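S.K.:
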Amino acid sequence: MIMLEPNPMRSGITIYTDAVWNPSSGSAELGWIIDDRVSATNHLATSLHVLSPLMAEALAVISTLTFALSCGFDSITLLSDSQSFISIINKKDLQLEIFNIIRDIYHLSVSFISITFSSILRSANANVNHVVKQVLWVLNQV
Numbered sequence: 001m002i003m004l005e006p007n008p009m010r011s012g013i014t015i016y017t018d019a020v021w022n023p024s025s026g027s028a029e030l031g032w033i034i035d036d037r038v039s040a041t042n043h044l045a046t047s048l049h050v051l052s053p054l055m056a057e058a059l060a061v062i063s064t065l066t067f068a069l070s071c072g073f074d075s076i077t078l079l080s081d082s083q084s085f086i087s088i089i090n091k092k093d094l095q096l097e098i099f100n101i102i103r104d105i106y107h108l109s110v111s112f113i114s115i116t117f118s119s120i121l122r123s124a125n126a127n128v129n130h131v132v133k134q135v136l137w138v139l140n141q142v
């Protein structure tokens with residue numbers, strides 16, 4: 001019998017995520033920083049037709065989970081400064097406004113060996129917040 005051990009470089013990853021919503025354009029900048037204990041990498045995405053800050057946070061999380069799975073990560077801790085959104089996820093509360101996104105997050109979550117959603121102080125999430133705000137500012141100057 002051959003037993004496969006989890007890849008230690010793909011386990012125990014911490015991901016900081018954040019989103020910034022622009023109500024005038026209906027767009028959101030989504031960002032996440034992957035900290036694998038060796039280095040940290042920044043990742044960004046833009047989403048159009050975003051209706052609220054809550055939806056922006058949900059889209060940031062689903063983008064982060066999709067990216068983490070594509071990288072082969074099997075155990076992650078996802079950190080966000082959106083206490084209300086993390087509460088929705090952890091309580092399995094199905095908010096009508098973001099019902100489909102939440103459902104997709106739950107479906108993606110079962111693909112991980114271990115996944116934890118935790119809220120952190122905004123100051124602890126300052127790096128990713130700064131990156132997404134910078135990109136939103138630049139895009140609005142065009």
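Once you know that position 73 of the sequence shown is 73 in my numbering, the rest is easy, because the numbers rise by one and skip nothing. Glycine included, each C-beta is placed from N, C-alpha and C at the ideal position. All of these numbers come straight from a predicted model, not from anything done at the bench.
(1) Using the Cα positions of ILE15 and VAL110, report the straight-line distance between them to the nearest angstrom.
(2) Have a look at PRO53 and ALA19 and give me their C-alpha separation to the nearest angstrom.
(3) Name the DSSP bridge partner or partners of VAL20?
(4) Is the CB-CB distance between LEU65 and LEU108 below 9 Å?
(5) When burial is assigned at 16 or more other CB atoms within 10 Å of the CB, is ASN100 buried or exposed?
(6) Enumerate in chain order the residues of its own chain whose CB-to-CB distance from ILE120 is below 8 Å, with the five nearest sequence positions on each side excluded.
(7) To which residues of the same chain is ASP104 closer than 7 Å at the C-beta, ignoring the five residues directly before and after it?
(8) So, for GLY31: in the same chain, excluding its five sequence neighbours on each side, which residues have a beta-carbon less than 6 Å away from its beta-carbon?
(9) Where DSSP assigns a beta bridge to ILE15, which residues make up the other side?
(10) Within 10 angstroms of the Cβ of LEU51, are there 16 or more other Cβ atoms? Answer buried if so, exposed if not.
(11) Taking DSSP as the reference, what is the three-state secondary structure of PRO8?
M.R.: Walking through what the data contain:
(1) About 17 Å.
(2) The straight-line gap separating the alpha-carbon atoms of PRO53 and ALA19 is approximately 8 Å.
(3) Beta-bridge pairing links VAL20 to GLU29.
(4) A contact, by the Cβ cut-off of 9 Å.
(5) Classified as exposed, ASN100 has fewer than 16 neighbouring CB atoms from the shown chains inside 10 Å of its CB.
(6) These residues qualify, in order along the chain: TYR16, LEU79, SER80 and ASP81.
(7) Answer for ASP104: ILE62, listed in chain order.
(8) If we look at GLY31 and ignore the five residues flanking it on each side, its Cβ neighbours are ASP18, LEU44, VAL128, VAL131 and VAL132.
(9) Its beta-bridge partners are ILE34 and LEU78.
(10) That one is exposed.
(11) Caution is warranted here: a pLDDT of 44 is assigned to PRO8, below 50, making its placement in the model unreliable, and the coordinate value is therefore given only provisionally. DSSP places PRO8 in coil when its eight states are reduced to three.
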